[in-house]
Structure formats: structure tokens, C-alpha cells
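From first to last, the protein sequence lines stand for chains A and B. Residue numbering for the first sequence is 746 to 1105, as defined by our numbering. Residue numbering for the second sequence is 1133 to 1991, as defined by our numbering. Each remark here refers to the structure printed beneath this line.
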Amino acid sequence: MRSWLLCALSCAAMLWASTEPRAAETVYPQVTPGLALQFPRDHGSHPDFRLEWWYLTGWLQTADGQPLGFQVTFFRLRPTLASGNPSAFAPTQLLIAHAAISDPARGRLWSDQRIARAALNLAGAAEGDTNVWLDRWRLTREPSQYHARIEASDFALALTLETTQPMLLNGERGYSRKGPQPQSASYYYSLPQLRVAGSVTRDGRATTVSGLAWLDHEWSSEYLEPRAAGWDWVGLNLDDGSALMAFRIRDRDGRNFWAGGTWRDAAGRTEVLRPEAVQFMPGRRWRSLRTGIEYPVEWTLQAGSQRFELQPLLDDQESDSRATTGAVYWEGAVIANRDGRRLGRGYLELTGYGSPLRLP
Amino acid sequence: MNHQSVAYWRSALALWRRLALAQLRQQPLRLWLSLLTVAIGVALCTTVWLISSSALLEFSRAGSRLAGDAELSIRGSAAGFAETLYAELARDPAVQIASPMLELDVALADRPGSLHVLGLDLLRAAPLLPSLLPSLLMAPTGQSPLEMLTGDGIRLSAAAARRLQLQAGDELPVLVGEQRVLLAVLGVLPEDAEAASLGIMDIASAQWRLQRLGVLNRIDLRLNADVDAQRFGAQLQSRLPAGVVAVTPETANTRVASATRAYRVNLNLLALVSLLTGSLLLLAAQSLSLLQRRSSLALLRALGMTRRELQWALAGEGAVLGLLGSLIGVLLGQLASAALLAWIDAEFAAAGSIGAQLAQRMLSPHPLIWAGFVLLGTASATLGAWLPAREAARRAPALALKAGDAAVGTEGRHFPVLGAMLLIVGAALAWLPAVAGLPLFGYLSIALLLFGGLLLSPAICGWLLAHAPRSGVAVFDIGLAQLRGSRRQIALNLAAVIVSFSLMIAMAIMVYSFRGSFELWLQQSLPADLQLRTNGNDPRGNDPRGNDTRTLSVNEQRQLAQLPGVARADFIRNTRLLLRAEREPVTLSARDATPERSATALPVLHSVAPPAGAQPVWISEAMQTIYGTQAGDIIELPVGGRTRWFVAGVFRDYGLGGGAIVMPREAYIAASGDHGADQAGLWLTSGADVDAVIAAARTLTWSRGMELLATPELRAGLLRGFDRVFAITYLMEAAAVLIGLAGVALAGAAATAARRGEFGMLRHLGLLRRQILAMLAGEGLLMGAVGMLYGLLLGCGLSLVLVYVVNRQSFNWSIDLAMPWWQLGALCAALLVAATVANLLSARAALGVGALRAVREDW
């Protein structure tokens, strides 16, 4: 769940509609409760919905023991355009991809981004099972593993991700609400505790890596309510095998607008967290010299009965994606502690901390 | 430097100032004319240079903005290639970014002309168009990058919006095939984003609305860092379909530059000739002035100034004059170029030219160019002063102090043998081929002929004077004797006139020959009574391919042919073929009327009968020169794949510098499947009224916005365009001749002043003042005649080089030599009258002093 992107993309999609007076309005399917997700079909793309993404985050360890964070994301957007243009280039589906490596040795991210329309099979998202690609960037699924391949400008990732646990259906069996209105919701499932093996190349130097990752797959048509201004999200792979997903949506005054989460303990018992059960309490702040934006990079998180202190792998994990979606945000590897003892690791995302998200 | 020498220099300078200033005070006109000659020379240079270089600037800027940062560009003709080529290239491991494009000249509905439209996928093009992108993204409405994809519509550059008088929210009607298509104007790019007049569309919208689904005609590539663009391009070329080429941006830019280079080089050289004329004139003026000041200069020498010091001081004088004149000239040139460009803009405003912006840019300072021309002007003026200064400084002071030394000074060395050798070498150079598409040896030949001619001029002038018939009238014969005695000074005085007049003669002959051939060509290539073009009045002038989108359908062609009063309709389909990456496209003209069918269809220069079964085509001279193709060759053309054709002949063409190919239209249709036509020649039945047929054609609603002209009217318009182009060259030549004549007047005045003693003596002998004036007028006439005859001779020689070498090698077309007798006669008469009048006027001024005083001065 990535509010910055959602907000940017859905607003862009709406603008799109407004400048296209002669195009018939696209009718998007609604996200409704009670629908049973079916697999592997729902691993694949849902091209009728406005927005969809596959979001991989995780911790890696290089052969010489260095920790790295990584993130690989594919977004699919269906614009509000139904002009009936038969051209192969008609922008009926757009693909956007981001990739980043959090490297303490570098002190900031390696990151890159791509955007293309789904045309002539150079970019696309297949139905039926996960297979999404943009030029030479690709994420595919086989029965028990995923393959991610990224060839960015100055780094590359080639990873195989093995499933070790059943999937985690968020919200009411995959129906995840994002606000008081019942239609602002998404279909959303996660795959925690993915075992990673592969290689990372930085500036032409390749190293083998291994680690643990988290995959989110989420799709919806109407996501955020207009009052929402920013988003905090965390996904934690705990060392004992348990997993936590928690999010909080902020309104324009910084107050809680909506919240939610899912907790699964080591024995596999799942608890859906109601909005009042999730609290994000900011700690130490860090200011980006590039953008001047200040982010709380340390947090205390209360999720149901669980309490964690979150600490970043490095402070500067700010991403600038103004070239594709127009958003600047912080997304990075964090360590989850309790009373100074490490319990696990995960990824934290902080958006809407700059000027109100400047829409591209 | 010690006190003594400081004092010496100070007193020497003071003396110099007194002597020089006294001379200037006596003859302020001379000073001003010297200044003016340098100023006009420099002004002409600056003007022409600024105009031609700004045009080039615009070209290359427009080119580079759209070429962006691509390392390799795949270009096809308007017909394009399948978009699958793009997918294939995008997947190539060597390719980092591939940007698909559709680039067309779209026919405008309801108004003449076409609009250059670039259809692109902004998401792919963005990294390759860094300079264009910000203005696309930061459009005034604050649109998002994603929104830039938004379907249907067009974004106009500021120039295009101005030309079409449209703004965001309006609709732009265009013609595609037989249909009228409305494009929504989504926005206008800011002024500084793109100078050219063009529109930008999303690739999907462009393919759909312009009816090119599945087709692209350009792909820009950025390659991986370890890939060599040149080598990859060459390797790629073999995989590309027929008529598609891979070009590097350098090649693309060279192509743009070379298209206008010949014309620019010609203009710039003409400008330099004016400067040469100016400095020759300064040479003549300075040497006369030094002759006059011989006694004061001798005084300086006698007072202890060394020969070297005197020479430097005199050259310094020339340098100061040159500097002042150049400064004035640069200023004048700047103003003139701004005014000229504004005029050009007013002239072509309807065609959406960019002259206004150019004129504005002209007013902005060009310090480097200014400095360059000031330097050039000063240097040539200094050189012009240096040679006579050397001679003046050499003269023994004791001799020079004596009166009556003037005549002695004029007899120095001259180099008739060197002159003759230069003439021979110059003539030989004219036979050498072009260098890089430019007639460099032709120009060198002209320079050597001119220079050799100048060196020979004392000898030739002497010979001409020696053979001048005696009139029997005393005053004339005295004048003739006087001229014979000072032939070297005469040759020097006449040098500027000879150079400018011979060039004017050469230009007159060349332009007249060209115009005659052009007119004949117009008649031969536009034989029908009535001409129709789907979109005429294109800013690119006589390019028949007005646009890429509007063609006459078979049905429309039938309707035209069946109009009452129309006996026959010959249709033409013009398309462009890219045969070589580094060349401009060749125009393929598929015609109903070919030389096979009617002998007058094309101005064919020579032909070869095609063997049985061969498909004939005819090529233009430019095609012959650029591609080395000859009549009788078999060539492969990208018409319906790669097809083979027999070159049945070469024809003359003045319209398409890039080359043209004519083929029978039925053969073209059979090969390509393209039944359309974009040009038609209508033959009327005898007795049919042209206007009535035009009116009938106008009742066909689809003919709205098409150019429909009676052939004589069209020819007249094209000839007007021709004359306008050469008006600039006429103007410059006239200026050069005026400068030369000013020099003759100056020299006359100086010589008259120097001969006051002689006139006093003649008055004492009983000659009337009137008779002396008649004698001087006669001398002027004689001098003019000598300059004219020699200039005419030299000019005719030069014209041969212009017609057969420079023109042929610059533009790759031939012209037939024709002599403009009337024009030449008028020019000669004008020169004689001007020389006579100039000498007379300056003599009158000089003879104002009384005879008595004149004689006293001499004794």
C-alpha cells in the first residue's frame, strides 16, 4: 500500500479524464467484501481495475557479510481513457517500475525507475499468474518461487524468492479497507518470509546475496479519500517466523485518519488489527539535504498486543521519483527491536512528509 | 627610453600631426570617402555573414532540438515502416532506449500549406529530448507527465500557434487522404521550447488520426555505453527495410547544413569581394595621397625620421582609417541585416516564417563576429596603406623635396609575367572537381583570375592607351598623352573599378543565363494549361511535395479529369526516398506524362533507349552528380520493397537540390499499390476558358484549400521568386561598383589637384577653362573606357567559371550560357558616364584655384 503513488496516479488518472472530453468514461470494477480470492488466478494482473502493484521489499546479506536493503516494485495503471483508439500504442495500460538498494557503505540509495505504456509487448502485466515486465525489468512467479530481474542504470538485481509460508490475506480475507467509506478499499494479500538467493551488481561489480523478503500484491479502483494526505506503512519479518503488516493513513493535519494491519504469530494464528489497535509514534527525525524534507526515521509501533521500536538501516533512504510519479518519499530497511533486543527486520514507508504531494 | 628619444618622438609626432592634419583639412572629402569605402565593404560582409549564419543557426537548432540526445536515428520516408521494427530494436541488447516516432508534414484544411507534426511516445522520448521535455511537462496548464500522453490532440509550438492563430481549446482541421480530421489543440509550448513551427502529438493519437496505424517513420536510439554508434548503425543498415536508413546525429546535421551551404558560401564570398574592392580602393587612394604629400614626407625624412619609421607611421595612418571605417561598417551591417530580415519576414509572414525572431536576434550583440570583421577591415586597410607607404618611404628625400616629382613616383615595378602566369593557373584550376560539394577550386580560379588580371592591368591599360586612336582635337590628345604617361597610377586607380565591374559583368551573364534556362525549364516542366497541387504555397518554396497526408483519391482524380473543358489530366505522385543516410532525400515523381509518351514531358538532356522489358526511370542532374548514377545504369529503388529500374535519361531540374527521379505512374502503382496523386496538370480543350475550368473545379468541395493556378500565373510567381533571390546579389554588386566609381572620382580629384601647375601653364598658353574641363572629361571617358574594356574582358572570362564551374558544382545543375547584350551595353554606358562625370566634378572642384596661383606654386 503506497499512498503517495496511489494518490499521484489516481489523481493523474482523473486529470487524464478531465482533459479527454470526448472519450467515454471508463467504468472500473468496485472492490467489494465477501469475494473469495482465487489462486493462482489472482496472482496475475487484474487489468480492469484502475491500479495494481507487486511490491517486493527485503533484507539481503552479501557474501562478505554486508547488510543491504532492496525494493522492487511494478505498478500497473489503467487510465480513464476509452477513446477506442486501435493503435498498438494506445495508452490503455501503463507500467511503472521502481527499484532501489539501501547500501550503508554508500550512505544513500541506489535507485532507478521506468515508465512505459503496455505496447508491442515491450511492457505488460499478464493475467492468470504473476508475470509483469517493463523492457528488461521483470517479475515472474512459478509454483513456489518468484524471479525478479532488474537491470538499472548503475546496478542490477537477479533474485529468486522462495515461499516458506502460506500467504497472508489482509483485512477481511483480502478485502482491505482504507477509510470510512466502504468503497475505498483494495484487494490485498502479502507473502512474508520469502527466502532470497541471487546476486546484486553495483557499478558493474556482482556479489552473491541471500536474505528474507516480503511481497505485497494489491489492486483497487478507488483507493484514497480526498482528506488523506500521507501514509506510514511497515512490513516486518520477525526472526521467530511471525509477521506483521501495519499501516496508518494521516489526514492533512497529520492526525490519524485510518489504520489497519495483520499479525500472524509463529504458530500461524492470524489476527486482523482494527484501526484503533494500530498506533505509530514518531521518534528521532532526519532531514534530507537534497529536498529539505524532514522524516521521522525512528518509531515506536503498537500493533494489537505487540510493541516494536523501529530503527533504520541508514538514515538516508529517501527516494525521488518525480520523473515517473512525481513523489518524493522515504522507504527503507528497518530493524524491529523490543527493549533493545532485535526481534526481526522489515521495510518502512513514509510518504506525504514534504509539501503536500506535488502532483506531476 | 632616454629623455632625448622621448623628446625626439614627441616633436616628430607633433610635426606629423601638423602635416597630416593640414592635409586632411585641405581635403576632408578624401578622408570621408576613404572611411566610407572601408565602412561599406565591412558593412556588406557583416550583413551577409549575419544573415546567412543566422539561417544556419536556425536550421541546426531546430534540427538538434528534435534530434535530441539520440546516438542513432532510424529514418524512413513518409510512407514509413512497420512498427514491429521498433519492438525489435527496443529488444536489441545493444539498445538502451528506443523512442518510436511518426514525423509527417500534415496538410492543413481551410488554409494553405502544411504543418510539421511529430508523433512521439513521451515516456520513451523523455530521456532523449532533455531540452524539449521541461517545456512539455511544465506546460502553462501545469499538466502531469502522464497527462502528456493524453490521447487525441496536438500541442503546437509558439511559432505554429502564431502562424495558425490558434490557442489551447481550439480545433485544428487537417486533411488526411480524402478526409477532414479535427485535431484538438491541447496546448501551446512556450516560446523558448522550440523555435520552429511544428506540432507534437502522442504517437498513438498520431497513428490513429493521421491514418498510419501500425506505421512509424523514425526511431531514435540511445545505445549502451560499450556500443559504437557508427559501427552499430552500419551493421543495422543491412537489417533495415528498403528506404530506411540509420543516421547518426552528426550526419543528420551535416545534411541540414549542406542543403544550404552552397548558397551561403556564394553569398559570403560575394561579401568578401566587396571587402577586397574596398581595400583596393584604399590602396589607390592612399598611394595618391602619399604622392601628393611627397614633399611633406620628404621633409620628415630630411628632419631625421628613418625610412622604417616613416613606413610604420604611414601604415599606422591606414590602420586608424581602417579601424574607424570598420567600426562604422560593423554598425551599419548590423542595422542593415536587422532591417533586411524584418523585410524578409514581412514578405513571408503568411508562410509562417521565423524572420521576426531572427530580426530580433540580429539586434542582440554578436561581439565575436563584430570583432572579426573589425579586425578583417583594419587588416585589409593597413595592407592597402602599407604597399604605397613602402614605396613612399623608399624615395630619396632630396629628390622628393624638389617640385615636379609627382610623375616620377608613379613609375615603379610591375609584374606582367606573374600576372599572366596567375591567369593561366587560374584558368587551369577551373577544370578541377568540387571539394566536399563546394566549388573551392572554382572560387580559387576566380580569385587568381582577378589577381592576375590586376597585375596585368598596367600593361593592358598601357597597351589599350597606346592603341587608342588620336582624335585630332588638341585637348583630347593632350589628355591621352597625359594618361599614357601615368599608366601605372591609372591602373591602380582603376583597380577597384576593374574588380567590381568585371564581377558585375560576370554575375550579370551568369544570372541572365540562369534565368533563361530556368524559364525554359519552367515551360518544359509545367506544360499543361492548369496546375493543381493538393497543398500549395508551402514555405519551402518549390518543393512539389507539399505534404505527406493529403492525396487525391482515384475517385477525385476521375472527377477532375471529367470536368467540362478538360481534355486530359496528367497526375503526379511525389514521394521522398531516402537512398543514403548522409544525403537529403530524393524526390520520386511518378507521372502519367513521361518522356516515353510525349517528347516535351521533361527537359531531358540525354537519353538511352531502354532494353526490352526494362522499367525506365529518368534522373535529374543532381541525382547524377550526387549518386554517380548515369543514363543506362540499373538502379535499385525502395519502391514496393527493393525494385530494379533502368535509367533511361538525365533531365534538367532546378527545383530539387537533393535530386529527383521520374517514373511512369502505372509502374509506380504496380510496385507500391499507392493510387494517390498530389499534383495534376490539366490540359484544356481548345476554346475552353481557364477561369471557367477553375470555377468548375472549385465546385468540387474537396478542392478547398488546394492550389489551382493557370500555368502562366504559376510560372510568373516562380520567376518572381527567382528574381527576389538574386536581388540581394545585384544589390551587393551595385554597391561594389559604386565604391569603385567613388575611387575613380577620388583619384580624378587627386590627379587634378596634382596637375594644377600643368593647367596653369595651359591657361597661360591660351586654353579656356572650359577647354581644360573638356580635356579632363575626356580623360575620365578614356579612363572609364579602358576600365570598361578590360573589366568586360575579365568579366566574360569569370562568367564562364561562374556558369560552368561554380554554379554547376554548387547546385549540381547545368545552365546554358546566354549573353545579356542589352544589359551589358547599359552597364558599360553607365560606367563611362559615371567615370566622365566623376572626373569632371572633381576637376571642377580642383580648378577652383586661380591659374596664376597655380603657376606660381609650381615655380
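Backbone N, C-alpha and C define an ideal beta-carbon position, used for all residues, glycine too. Nothing here was measured: the structure is a model prediction, and the numbers come from that model.
Span separating the alpha-carbon of residue i from that of residue j
i                     : j                  : result
glycine 1089(A)       : glutamine 1367(B)  : 54 Å
aspartate 1352(B)     : alanine 1222(B)    : 10 Å
alanine 1316(B)       : isoleucine 1332(B) : 12 Å
threonine 1169(B)     : leucine 1355(B)    : 56 Å
valine 1631(B)        : glutamate 1523(B)  : 23 Å
aspartate 1060(A)     : valine 1042(A)     : 7 Å
glycine 1085(A)       : arginine 823(A)    : 45 Å
valine 1359(B)        : leucine 1709(B)    : 29 Å
threonine 1216(B)     : alanine 833(A)     : 10 Å
glutamate 1449(B)     : threonine 1514(B)  : 8 Å
valine 1951(B)        : threonine 1383(B)  : According to the sequence as given, residue 1951(B) is methionine; it is not valine. The alpha-carbon atoms of methionine 1951(B) and threonine 1383(B) are separated by roughly 41 Å.
glycine 1673(B)       : aspartate 1253(B)  : For glycine 1673(B), the predicted model reports a pLDDT of 39, less than 50, meaning its position is unreliable and no value from the coordinates is stated.
asparagine 1944(B)    : serine 1370(B)     : 29 Å
glutamate 1958(B)     : methionine 1636(B) : The sequence as given places alanine at residue 1958(B); glutamate does not occur at that position. Their backbone Cα atoms lie some 12 Å apart in a straight line.
phenylalanine 1505(B) : alanine 1568(B)    : 26 Å
Cutoff 8 Å; reference residue i; Cβ partners in own chain excluding five residues on either side
i                 : result
arginine 1847(B)  : Glu1651, Leu1654, Gln1655 and Leu1658
histidine 1738(B) : Ala1763, Gly1781 and Val1782
glutamate 1039(A) : Arg1030, Trp1031, Arg1032, Ser1033 and Tyr1098
Three-state secondary structure assigned by DSSP to residue i
i                 : result
glutamate 1688(B) : helix
serine 1645(B)    : helix
alanine 958(A)    : strand
aspartate 2011(B) : The question about residue 2011(B) has no answer here: the residues shown for chain B are numbered 1133 through 1991.
glutamate 1220(B) : helix
tyrosine 1092(A)  : strand
valine 1042(A)    : coil
methionine 788(A) : In the sequence as presented, methionine is not what sits at residue 788(A); that position holds histidine. Histidine 788(A): helix per DSSP, three-state reduction.
aspartate 977(A)  : strand
leucine 1832(B)   : coil
isoleucine 846(A) : strand
tyrosine 1786(B)  : coil
histidine 1599(B) : coil
glycine 1594(B)   : helix
arginine 1705(B)  : strand
asparagine 830(A) : coil
Host alpha helix (DSSP H) of residue i (start-end)
i                 : result
threonine 1510(B) : 1499-1526
tyrosine 773(A)   : Segment: none, tyrosine 773(A) is in no alpha helix (DSSP H) and carries neither H nor E.
tyrosine 1922(B)  : 1901-1933
Neighbourhood of residue i by C-beta, 7 Å cutoff - its chain only, sequence neighbours within 5 removed
i                 : result
leucine 1914(B)   : Ala1600, Gly1611, Leu1612 and Leu1615
isoleucine 895(A) : Val817, Ala844, Trp882, Ala901 and Leu902
glutamate 1989(B) : Residue placement at glutamate 1989(B) is flagged as unreliable, the pLDDT there being 46, under the threshold of 50; a coordinate-derived value is accordingly withheld.
leucine 1345(B)   : Gln1339
glycine 1910(B)   : Val1607, Phe1608 and Gly1611
glutamate 967(A)  : Gln928 and Ser929
Selection from the options that minimises the alpha carbon distance to residue i
i                  : options                                           : result
glutamate 917(A)   : Thr909(A), Trp799(A), Pro911(A) and Ser931(A)     : Ser931(A)
isoleucine 1766(B) : Val1779(B), Gly1760(B), Asp1702(B) and Gly1558(B) : Val1779(B)
aspartate 1302(B)  : Glu1310(B), Gly1309(B) and Asp1284(B)             : Asp1284(B)
leucine 840(A)     : Leu805(A), Phe815(A), Ser790(A) and Pro849(A)     : Ser790(A)
glycine 1365(B)    : Leu1288(B), Ala1962(B) and Thr1380(B)             : Thr1380(B)
isoleucine 1308(B) : Ala1239(B), Gln1443(B) and Met1795(B)             : A small correction: the amino acid at residue 1308(B) is valine; isoleucine does not occupy that position in the sequence shown. Ranking Ala1239(B), Gln1443(B) and Met1795(B) by Cα distance to valine 1308(B) puts Ala1239(B) first.
proline 937(A)     : Ala868(A), Val1023(A), Asn915(A) and Gln783(A)    : Asn915(A)
Span of the beta strand (DSSP E), counted from its first residue to its last, around residue i
i                  : result
tryptophan 1563(B) : Segment: none, tryptophan 1563(B) is in no beta strand (DSSP E) and carries neither H nor E.
histidine 892(A)   : 890-896
Same chain only: Cβ atoms within 6 Å of residue i, ignoring 5 sequence neighbours per side
i                  : result
asparagine 1082(A) : Glu1054
leucine 1095(A)    : Asp977, Tyr1040 and Trp1075
leucine 983(A)     : Leu1088 and Gly1089
Any residues in the region 958-977 of chain A with a beta carbon nearer than 7 Å to a beta carbon of chain E? Which ones, in chain order? Checking the listed chains, one finds no chain E in this structure; the protein chains it contains are A and B.
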